[in-house]
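If you're matching them up, the sequences are chains A and B in order. UniProt numbering numbers the first residue of the first sequence as 1 and each following residue consecutively. UniProt numbering numbers the first residue of the second sequence as 1 and each following residue consecutively. Don't be surprised by glycine CBs; every beta carbon is placed ideally from N, CA and C. Predicted model only: the values in this text are computed from it and were never measured. Just below is one structure, and these are the notes that go with it.
Number of protein chains: 2
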Amino acid sequence: MPRTRGRAPAGGRADALSPEIVVGAAVALLDERGERGLTFRLLAERLNTGAGALYWHVANKDELVALAADQVLGQALAAVPRPENGTGLRALAVAVFDGLDRHPWAASHVTAPASLPNGLRLFDRIGTLVARTGLPAERHFAVATAVFYYVTGVSAQIIAPAVTVGATTDRASFLARTAERWGRLDPAAYPFLTGATAALRDHDDRDQFLAGLDLLLDGLSASGRSTAADPRPPT
Amino acid sequence: MPRTRGRAPAGGRADALSPEIVVGAAVALLDERGERGLTFRLLAERLNTGAGALYWHVANKDELVALAADQVLGQALAAVPRPENGTGLRALAVAVFDGLDRHPWAASHVTAPASLPNGLRLFDRIGTLVARTGLPAERHFAVATAVFYYVTGVSAQIIAPAVTVGATTDRASFLARTAERWGRLDPAAYPFLTGATAALRDHDDRDQFLAGLDLLLDGLSASGRSTAADPRPPT
DNA sequence: ACATACCTGGAACGGCGTTCCATACTCTTA
DNA sequence: TAAGAGTATGGAACGCCGTTCCAGGTATGT
Numbered sequence: 001m002p003r004t005r006g007r008a009p010a011g012g013r014a015d016a017l018s019p020e021i022v023v024g025a026a027v028a029l030l031d032e033r034g035e036r037g038l039t040f041r042l043l044a045e046r047l048n049t050g051a052g053a054l055y056w057h058v059a060n061k062d063e064l065v066a067l068a069a070d071q072v073l074g075q076a077l078a079a080v081p082r083p084e085n086g087t088g089l090r091a092l093a094v095a096v097f098d099g100l101d102r103h104p105w106a107a108s109h110v111t112a113p114a115s116l117p118n119g120l121r122l123f124d125r126i127g128t129l130v131a132r133t134g135l136p137a138e139r140h141f142a143v144a145t146a147v148f149y150y151v152t153g154v155s156a157q158i159i160a161p162a163v164t165v166g167a168t169t170d171r172a173s174f175l176a177r178t179a180e181r182w183g184r185l186d187p188a189a190y191p192f193l194t195g196a197t198a199a200l201r202d203h204d205d206r207d208q209f210l211a212g213l214d215l216l217l218d219g220l221s222a223s224g225r226s227t228a229a230d231p232r233p234p235t
Numbered sequence: 001m002p003r004t005r006g007r008a009p010a011g012g013r014a015d016a017l018s019p020e021i022v023v024g025a026a027v028a029l030l031d032e033r034g035e036r037g038l039t040f041r042l043l044a045e046r047l048n049t050g051a052g053a054l055y056w057h058v059a060n061k062d063e064l065v066a067l068a069a070d071q072v073l074g075q076a077l078a079a080v081p082r083p084e085n086g087t088g089l090r091a092l093a094v095a096v097f098d099g100l101d102r103h104p105w106a107a108s109h110v111t112a113p114a115s116l117p118n119g120l121r122l123f124d125r126i127g128t129l130v131a132r133t134g135l136p137a138e139r140h141f142a143v144a145t146a147v148f149y150y151v152t153g154v155s156a157q158i159i160a161p162a163v164t165v166g167a168t169t170d171r172a173s174f175l176a177r178t179a180e181r182w183g184r185l186d187p188a189a190y191p192f193l194t195g196a197t198a199a200l201r202d203h204d205d206r207d208q209f210l211a212g213l214d215l216l217l218d219g220l221s222a223s224g225r226s227t228a229a230d231p232r233p234p235t
């Protein structure tokens, strides 16, 4: 890719490309065909140009996918309700999860430490909300990082596999088959799994995300209560 | 790949391949060159055979990488200390993190729901330890899943980016550059990040994993205390 | 009209995952 | 011992991919 990416001062062709257009088309293609279906040739075809032209606007495929994922994250952040009461962190996390769930390929590309605009915005909003909880200041960064890691990492774990699986079969029958396989395991070697097949069959991914998130947030308020900086120390 | 993969009843050549040998060589190659460096041609060359022969033992590259990651997970599980007191979950999680940290490419390939042997073993051990905490039985599955997601998802978030970054520059200078970029952001738009550059520069990834894990486990014991099934209800 | 900088798009390169298949090896059966 | 079957090999070939290269087009500034 050439050094500069700025547009010509004033003009340019009417049908000119831009990084935004290329990334937008990439998001559409990723939504339709998944990560393996995104190809510079196919993308160029949709944009009525050649593959080489895309490299003027985007360094390589890694950057293209990263930018596409950051755009998805931006849409998710735009959907976050105003943080009114004390539930800001939870609402933010849920909005990100739901946003990524609509574009499953993106989940595994939102990485830390954040470098792209919306990743930075997400981390900053988490940090700002953490700073309001009354936790001692020296713990803000570590806690914010933990929440960021949870939201991005666990979302990726939950959402990403669905891409591979969902293409072939629907979720219910996949869970049923998995549960059946668990049930056939040796109970001596797998005492927990063999008894958990019903729970596996009935579980909901989004609820799992929320359950873990609430554990984390409970731990946050619990540890906040037991610190010296707390305005209302126990007894 | 052909239908069957069983070895001949008794014999075979002295230099015969096997799925174990192929996966073992793949692990070595992944350790040396990372995921992009693993190639069927290169792998075949190391095993003194042709690329086509590998497909007799392994269905495709996805399966090969998944099996390699599961082998790494197996090594990590073998290193877990005996779960004596109440710290079993923490020790298990730490062992998995450290094991994956030694093979960074593997972190993002340990997925849920687990299907390969060591993924199943990990989930079962987490579930067994959760069942011992005194939590009501109907919450065991959800909590075990949350811990599993945390361990695998957050490990992947922390460890995987280091592959891309570490190849070019060392960690300290990467953090320094990132911190400097955060410092140049607009404080009005990024109030938290602009004040967190020092914390970013000094943070330790493993400590972050532990900090979040402890939050989660604190939440676990806190929510365990407040449930109806608890033998000692609050006041 | 000319020079310049930006941008395009098609051809070409090297490498990849995967398939195919002729061949070889070993054990079983006769 | 000879033949057959099943198992495993390895090299050639296929189609596709990311990426590079570059000759040309298109606008602006002089």
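- In or out: Asn118 of chain A buried (at least 16 other Cβ within 10 Å) or exposed? buried
- Message: Ala176 of chain B and Arg201 of chain B - do their beta-carbons sit closer together than 8 Å?
- Response: yes
- Query: In or out: Ala189 of chain A buried (at least 16 other Cβ within 10 Å) or exposed?
  - Reply: exposed
- Message: Quick check on DSSP: helix, strand or coil for Tyr150 of chain B?
- Response: helix
- Given 8 Å, three or more beta-carbon pairs between the region 57-73 of chain A and the region 17-33 of chain A: yes
- Task: Return the chain-ordered list of same chain residues with a C-beta closer than 7 Å to the C-beta of Gly50 of chain A, the five sequence neighbours on each side being excluded.
- Result: Ala44
- Item | Validate contact between the region 140-156 of chain B and the region 204-220 of chain B using beta carbons, cut 8 Å, 3 pairs | yes
- Item | Under 8 Å between C-beta atoms of Leu215 of chain B and Leu220 of chain A | yes
- Query: Can you find a CB in chain B that lies within less than 8 Å of the CB of Leu134 of chain A?
  - Reply: For the record, residue 134 of chain A in the displayed sequence is Gly; it is not Leu. It does not; no Cβ of chain B falls within 8 Å.
- When the cut-off is 8 Å and only beta carbons count, does Ile159 of chain B lie next to chain A? no
- Interface partners of Ser173 of chain A on chain B, CB under 8 Å: What Ser173 of chain A touches in chain B: nothing, since even the nearest Cβ is about 14 Å away.
- Item | Beta-carbon contacts of Thr194 of chain A that lie in its chain and below 7 Å, excluding the five residues immediately before and after | Trp182, Gly183, Leu185, Pro187
- Could you spell out the range, first to last residue, of the alpha helix (DSSP H) harbouring Ser173 of chain B? 171-183
- Message: Cβ closer than 8 Å: which chain A residues qualify as neighbours of Pro19 of chain B?
- Response: Under the 8 Å cutoff, chain A gives no residues; its nearest Cβ is about 19 Å from Pro19 of chain B.
- Message: Going by DSSP, what residue range makes up the alpha helix (DSSP H) through Arg33 of chain B?
- Response: 19-33
- Item | Distance, Ala137 of chain B Cα to Glu32 of chain B Cα | 45 Å
- Task: Determine the contact status of Ser155 of chain B and Val96 of chain B, defining contact as a CB-CB distance below 8 Å.
- Result: yes
- Environment of Arg139 of chain A [buried if 16+ CB atoms lie within 10 Å]: buried
- Among B:Arg90, B:Val165, B:Glu180, which one has its Cα closest to the Cα of Val130 of chain B? B:Arg90
- Item | Any C-beta of chain B under 8 Å from that of Phe192 of chain A | yes
- Query: Which chain B residues sit within Cβ distance under 8 Å of Thr178 of chain A?
  - Reply: Pro113, Ser115
- Item | Boundaries of the alpha helix (DSSP H) in which Asn118 of chain A is found, first to last residue | 117-131
- Gly219 of chain A CB to nearest heavy atom of the ligand ATP below 7 Å: Of the ligands one can find in the structure shown there are none, so the ligand ATP has no counterpart to examine.
- Task: Could you tell me if Ile158 of chain B is buried or exposed, where buried requires 16 or more neighbouring beta carbons within 10 angstroms of its beta carbon?
- Result: buried
- Item | Within 8 Å, strictly: CB atoms of Glu20 of chain A and Trp105 of chain A | no
- Please determine, among A:Val147, A:Val165, A:Ala196, A:Ala199, the residue with the shortest C-alpha to C-alpha distance to Leu213 of chain B. A:Val147
- Message: With a threshold of 7 Å on Cβ separation, who are the neighbours of Pro233 of chain B within its own chain once the five nearest residues in sequence on each side are excluded?
- Response: A caution first: Pro233 of chain B carries a pLDDT of 37, below 50, which makes its placement in the model unreliable, though a value can still be read off. No residues qualify anywhere along the chain.
- If we ignore side chains and look at the alpha-carbon of each, how far apart do residue 291 of chain A and Tyr55 of chain B end up? There is no way to answer for residue 291 of chain A, as the model of chain A reaches only from 1 to 235.
- Query: Residues of chain A with a CB under 8 Å from the CB of His203 of chain B: which are they?
  - Reply: Phe141, Ala142, Thr145
- Measure the Cβ-Cβ separation of Ala160 of chain A and Ser108 of chain A and say whether it is below 8 Å. yes
- Message: When you compare the CB of Phe40 of chain A with every CB in chain B, is at least one pair closer than 8 Å?
- Response: no
- Task: Report the three-state DSSP secondary structure of Thr235 of chain B (helix, strand or coil).
- Result: With a pLDDT of 33 at Thr235 of chain B, under the threshold of 50, the predicted position of this residue should be treated as unreliable, though the coordinate-derived value follows. Note: Thr235 of chain B maps to coil in three-state DSSP.
- Item | Sequence-distant residues of the same chain with beta carbon closer than 6 Å to Phe123 of chain A, five excluded per side | Ala114, Phe148
- Nearest to residue 303 of chain B by CA position, among B:Ala162, B:Asp98, B:Ala196, B:Thr145, is which residue? Lying outside 1 to 235, the shown extent of chain B, residue 303 of chain B is not represented and no answer is given.
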